[in-house]
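**Q** Sharing a structure below in C-alpha cells format, with a few things to ask.
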Amino acid sequence: MKLYPAIDLLDGKVVRLREGKRDEVTMYGDDPVAVAQAYRDAGAAMIHVVDLNGAFDQSDVQLPLVADLIAKAGVAAQVGGGIRSLARAAAYVAQGCSRVVIGTAALDENFLEDVCAAHPGRVVVAVDAKDGMVATHGWTQASGVTALALAQRAEAAGAAAVLYTDVARDGTGVGPNVEATAALQTKLSIEVIASGGIGALEHLQALAAHGVQASVIGRALFEKQFSFAEAMALVG
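Laid out in C-alpha cells, this is it:
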C-alpha cells in the first residue's frame, strides 16, 4: 500500500483541522519545507499537500510556497485546496505538482472531463462522504450524489485516483472507515486513497488487508502516534 504523508498549509503554517473545521485548527510548525524534507528522508515518494487558504478563501497566496516546498524538498506532491477552475489546476501543474486534487468542482461533469483531459494521469478526485453521500463546500452541505457515483464518474473521466474521506472521522484518530473504503476499491480499477481518522498502525494494517491501494496520513504523524518510517516498514 502506498503511503502519502499530509501537509496542510494555512497562512504559511503547517496545521491540521478536525473534521475540516477552520475553527478547530492545531498548528504543528512554521517550516513546511523542513517537514516535507523529513518525510522524503523517511521514504515518502509523494506528499499530500492541502492549501487551506485556497480551500477556504479561493486565494492563490500560498502557490509560491507550494512551489518552493516541491523544489526544495525534492519530492513529488499531490496538491488540493480550492481547485475549481482549469486555470488554477494548470497553475499548480506549472509549479511542479505531480497531481492536482479536485473536490467540490468534480461534481460538474463537464469540468471533471475537461480537467482530466487537460492533465492526463494527474487528477485525483476527492470523494468526501458523510453517511455515504458526497459532502461539499467545506463539508457543510450534502450534494445528493453518492460517493460511489462520483468515484465511478472520476474513473470514467480518466482520473488517476480517488481520495476517499469519511468526514466524520477526519482528524479524530479513531480509525478510517475501512469497510466503505474497501468497498469503493473493489468497484474501481484506479487507486483509492484512504483518508481520515488514521491514528494507529493497526488502522493501516486493516486498510492494507482489505486491499486498499493507498492512504494519506496526517495528524497521527504530528502527534507521534507512530513515525512515517514505521508505517513504511509495516506496509510499504
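0 is the number of the first residue of the sequence shown in numbering that gives the first Met the number 0; add one for each residue after it. C-beta atoms are modelled at their ideal positions from N, C-alpha and C, and glycine is treated no differently.
1. Grouping DSSP H, G and I as helix and E and B as strand, with all else coil, what is Met0?
2. Please determine, among Val173, Leu2, Asp59, the residue with the shortest C-alpha to C-alpha distance to Gly11.
3. Helix, strand or coil, according to DSSP, for His202 in the structure here?
4. DSSP on Arg39, reduced to helix/strand/coil?
5. Express the C-alpha separation of Val114 and Leu68 in angstroms, rounding to a whole number.
6. For Thr145, would you say it is in contact with chain B, using Cβ-to-Cβ distances shorter than 8 Å as the test?
7. Threshold first: 3 residues or longer. Then list the beta strand (DSSP E) segments lying entirely within the segment 142-226, N to C.
8. Between which residues of its own chain and Ala105 is the CB-CB distance below 6 Å, once the five residues before and five after are set aside?
9. Decide yes or no for the touch test of the segment 124-135 against the segment 155-166: beta carbon pairs closer than 8 Å, at least 3 of them.
10. Going by beta carbon distance, what residues of the same chain come within less than 6 Å of Glu190, once the five residues before and after it are set aside?
11. Whole-angstrom Cβ separation of Ile82 and Val65, contact assumed at under 8 Å?
12. Can you tell me whether Phe225 sits near the ligand MN, meaning its C-beta is under 7 Å from at least one heavy atom of the ligand?
13. Need the endpoints of the alpha helix (DSSP H) that Ile245 sits in, please.
14. Considering Leu16, what are the terminal residues of the beta strand (DSSP E) in which it resides?
15. Let me make sure I understand the geometry here. Which of Cys96, Ala75, Asn176 has the alpha-carbon closest to that of Lys129?
**A** From the atom records:
1. Within the sequence shown, numbered from 1, the residue matching residue 0 stands at position 1. Three-state result, Met0: coil.
2. In the sequence shown, residue 11 corresponds to position 12, counting from 1. Of the listed residues, the one whose Cα sits closest to Gly11 is Asp59.
3. Taking the sequence shown and counting its residues from 1, one reaches residue 202 at position 203. Note: His202 maps to helix in three-state DSSP.
4. Numbered from 1 along the sequence shown, position 40 holds the residue referred to as residue 39. Of the three classes helix, strand and coil, the one that applies to Arg39 here is helix, per DSSP.
5. Indexing the sequence shown from 1 puts residue 68 at position 69. Indexing the sequence shown from 1 puts residue 114 at position 115. Computed Cα separation, rounded: 24 Å.
6. Checking the listed chains, one finds no chain B in this structure; it contains a single protein chain.
7. 160-165, 190-194, 213-216
8. The residue given as residue 105 occupies position 106 in the sequence shown. Leu111, Val124, listed in sequence order.
9. yes
10. Residue numbering aside, residue 190 sits at position 191 when the sequence shown is read from its first letter. Closer than 6 Å at the Cβ level, and outside the excluded window around Glu190, lie Ala160, Gln212, Ala213.
11. Position 83 of the sequence shown holds residue 82. Position 66 of the sequence shown holds residue 65. So it is not a contact: roughly 12 Å between Cβ atoms.
12. In the structure on display, the ligand MN does not appear, and there are no ligands present to speak of.
13. Look at the range of the chain in this structure, 0 to 235, and you will see that residue 245 is not part of it.
14. Walking along the sequence shown from the start, residue 16 turns up at place 17. Its beta strand (DSSP E) spans residues 12-17.
15. Here residue 129 corresponds to residue number 130 of the sequence shown, with the count starting at 1. Lys129 has its Cα closest to that of Asn176, out of Cys96, Ala75, Asn176.
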